[in-house]
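Residue numbers (this note's numbering): 148 to 966.
As structure tokens, the structure follows; a few thoughts come after it.
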Amino acid sequence: MVGRKRTATRASSRRGAAGAPPTEPDVYRDMLAEVGVNAQDRSPPERPLKRRRAGTKPSVKENLEEKPPASTSAVAQGGQATHDSEDESADEDIEFQDVVLPEPTIQTMELESDKEEEDEDIIFEDVNFGALPDDTAAVQEPKELVLNLTAQQTATAQSKKAAERRKPLNKEERERRADIHKAHIICLLAHVARRNHWCNDDRVQEHLRPHLTDKIASYLNPGIHLSQFGRTESLKNGLKQAEGVWTGKFEVVERGLRRALWAEEPDHLREYEPPSDMESCLDRDDFREAAKKLQGSRDVGAQLYCALLRSVGVRARLVCSLQPLACTSSAPTLSKPKPAQGTSKTMKNEQVRTMIAKYQEMASAGYGTPSSGSTARRRLGHPNATAHDFEPRTAPPKPRPTFEMPKIIKESACPVYWVEILDVGHQKWQPVDPLVTHTFWKPKVLEPPITDKENSLSYVVAFEADGSARDVTRRYAKAYTAKTRKLRVEVATEGGDVWWQKVMNMYRRRRPTDLDQIENHEFAGVEAREPMPRNVQDFKDHPIYALERHLRRHEVLVPGATPSGTVGAGSRGPLEKIYRRRDVRISRTADKWYRLGREVKPNEIPAKWLPKKARPKSRYDEEEDDDTQGDAGTPAYTEDQTELYVPPPVRNGRVPKNKFGNIDVYVPSMVPPGGVHIIHEYAARAAFLVGVDYAPALTGFQFKGRHGTAVLHGIVVAKEYEKAIRAVIGGLGDLEQQFEDERRKQRALRAWRKFLMGLRIREQIWSGVDAQERREADDKAAREAQLDKELEDAASDVTEEFNMVDDNDDDGGGGFMVE
């Protein structure tokens, strides 16, 4: 068998040596001489460090492949046995291996070759002569091979899971993504508004109007003489015929809008290349050209279809499912680029094209046809064919038809743009999708699955011909409250609902119509009829239902809450009770209720025990940790277990204070009876001057890290002293204003004094100078002043120096009042 090893034992070696003729050593020497090996050097003094390669004995393989006679084989075996019998300790350890012999035509005779293709067939193994046992039977026993695929799969799964695990987003990253999400929404709304305005273009509608016949137009505009059912059926018939016309004429050749994805690393975004078949319709001229050629992306097709319906008088909306960057961390991300695979695939395609072109060139050049000396008569076998000069005419090459392969564009199975038509009979907007799903009157079909990376339905906005827009997401979302609402800015960010309302107010109609009110009632009914979620994850942050496992730290169920149903957590998980969100209450500690102006009623049982938050351990707090190990936590109470806090009243003008000398006034209701809270910066000073008892009002704490600083805002005094305190505050304000006016007066006097002193010094300097010289000096000074002013106003190409003059200097007024 090929590849099986057998051991040359001592008995087999002796039998080969006994049955061999006396000429065996000579034959063996001749064989070794042919390959250039010295026959006398049979046992090297030391064991070689590397095993012998397959190219050391090429002549032996060649002699075996030439099928020598049986006697020669016996001689070779006898020579080998004689050589092994000389060393009794070594002939028990040598192993021989049967190998596949190569063909003689490719046999090489090189010694110690370095080429892999010459020595990969025969492999000699290094043998440790001291480690092998004496019992040959133990060597021949087959080894058991253990194949464990589960371990490899487990390791691969763990490594893949570790690679796919995402890092959690911190607070700053979440806020940044929310801001980018909002900006992207505003840009997409402006983009759709511009496309909606293009649908009203007269030239676009002139190109599209001839595609619809008058009969189809009459169907699309049913008369008022028809019944409600008849008008709806006429509209459906017209839409069906218009869809057939539009589907047959418009050709999708480009890629439309797709879902925006986040890149996990900046390198992924740098190496990202947008597809080459992106939409090329960028301005109104391109839109008009697309209406003329009837080619473009399927988004442009939906927009042109809206223009087509508007051209025949149908009231149509342009609807777009916005595809902004997600504001949640669970959204899919941009796939990692694979430049190596793409390059190899591109090179392979280029090689295939080159080979096809080469074969076509060989076929067109006549390769493989009979030679020039062979003619048609010679091929027929005519005896005198060579005596005639016969040249066959070559047939002209037949033109080969060329076929253009249709361009395959892989996009989502659900559209991004579609149209809504007003069903006048029922006063209701109905969706129409002529290019992707080829459906109408089926809104739930247009929602893509949650696993679709090309399309996500989170914001659906419908634009009318007058430019007004409405949020119609609830019409198309199958589970708006349970799933779609979590993808929007209203839930992802605090105050997101107010922001979205402000954005949509920019596109709102000034005066709502009756049709808008009907649509509002429709959306309210759709949201109310939404069924209960079917999995546990959808109950999280649900506005109507709640599970006990999803309750937050400070949330608790009211006593005796009645469950509305049950849900199973998996196939083997226990059933969990479903409660109404209205049965959930917020529980707070006694200290937090006190800061809200309430106190816990006596003898109340805590509604919940809050576990203590983990804090960093310190070596100085070991004793305290030991004392608090058995604590059950912090008791929390609901609002029903509290009552309004009534502080002790003010008696005899004395204000009650805490141990720090202040009074807690977190809310206005905490002002003690008989007292008043005066908020002013001079309130404490006025009370001190009057000599009445007062207490600084503690209104809260300002936290920096883990430490809070008390915020004192105003004072609390007895109510009978309020007028006196406010009068003193007014007097202190007037006194402060008087001091300020006096300071300004002193600054002005100092400035005028400096100005007058400068005039006196100037007069003393010019007292002995005649008038002519004085005028020349004044003109020179005026010119220098003008030049300095121009230089100051000119742009400087050097770094400006810092102004080292103090603006608050009393002498910097120059004789004028400094404001």
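Ideal placement from N, C-alpha and C gives every residue a C-beta, glycine not left out.
Per DSSP, D661 is one residue of the alpha helix (DSSP H) stretching across D661 to A675. Between the beta-carbon of A463 and that of H354 there is about 17 angstroms, and that puts the pair past the 8 angstroms contact cut.
A Cβ-Cβ separation of about 21 angstroms leaves A389 out of contact with I371 under the 8 angstroms criterion.
Membership of E939 in any beta strand (DSSP E) is not indicated; the residue belongs instead to the alpha helix (DSSP H) covering A918 to D940. For A449, the closest C-alpha among the options D432, P471, I568 and L722 is that of I568.
Around the beta carbon of R890, a 10 Å sphere encloses fewer than 16 other beta carbons of the protein chains shown; the residue is thus reported as exposed. Closest option to G861, judged by alpha-carbon separation, among D811, L903, E867 and K892: D811.
At a Cβ-Cβ threshold of 8 angstroms, K748 and E790 count as neighbours. Listed as beta-bridge partners of K687 by DSSP are no residues whatsoever.
Within the same chain, W345 and D348 come within 7 angstroms of R431 by CB-CB distance, once the 5 residues on both sides are set aside. Cβ neighbours of V875 within its own chain (closer than 7 angstroms, five residues either side excluded): A833, L836 and V837. The Cβ neighbour count for H824, taken over all protein chains shown within 10 Å, is at least 16; the residue is labelled buried.
Taking one beta carbon from each stretch, the segment 863-872 and the segment 837-853 have 3 or more pairs nearer than 8 angstroms; the two touch. One alpha carbon belongs to P562, the other to V607, and they sit about 12 angstroms apart.
Looking at K760, N682 and Y623, the one whose alpha-carbon comes closest to that of T781 is K760. Your pair A629 and V683 does not check out as a contact, with CB atoms roughly 11 angstroms apart and the cut at 8 angstroms. Distance from the CA atom of W588 to the CA atom of N368, rounded to whole angstroms, is 17 angstroms. In the DSSP assignment, I876 falls within the unbroken alpha helix (DSSP H) covering E869 to I912.
Secondary structure of Q577 (DSSP, three-state): strand.
Secondary structure note for L382: its alpha helix (DSSP H) is the uninterrupted segment Q375 to K396. By the C-beta criterion, the segment 579-595 is judged not to be in contact with the segment 636-647, since fewer than 3 inter-stretch pairs fall below 8 angstroms.
Taking the CA atoms as reference points, T360 sits about 36 angstroms from Q470. Secondary structure at Y841: strand, using DSSP grouped into helix, strand and coil.
Around the beta carbon of G712, fewer than 16 other beta carbons sit within 10 angstroms, so the residue counts as exposed. A contact is defined here as three or more CB-CB pairs under 8 angstroms, and the segment 844-862 fails this definition with respect to the segment 893-906.
For D644 and M653, the gap between their C-alpha atoms comes out near 15 angstroms. For V583 and T394, the gap between their C-alpha atoms comes out near 10 angstroms. Q498 is classed as exposed because its beta carbon has fewer than 16 other beta carbons within 10 Å across all chains shown. CA-CA distance, P413 to V705, rounds to 49 angstroms. Note that the C-beta distance between W740 and Y784 is below 8 angstroms. Annotation: D613 to P422 spans about 34 angstroms, alpha carbon to alpha carbon.
With contacts defined as CB atoms closer than 8 angstroms, L441 and K396 qualify as a contacting pair. In the DSSP assignment, D433 falls within the alpha helix (DSSP H) that extends over R431 to K440. Non-local C-beta neighbours of A616 in its own chain, meaning closer than 6 angstroms and more than five positions away in sequence, comprise V608, F610 and Y654, ordered along the chain. Close CB contacts of L722 within its chain, under the 6 angstroms cut and outside five residues either way in sequence, are with T713 and G715 (chain order).
For R732, the secondary structure class from DSSP, reduced to helix, strand or coil, is strand.
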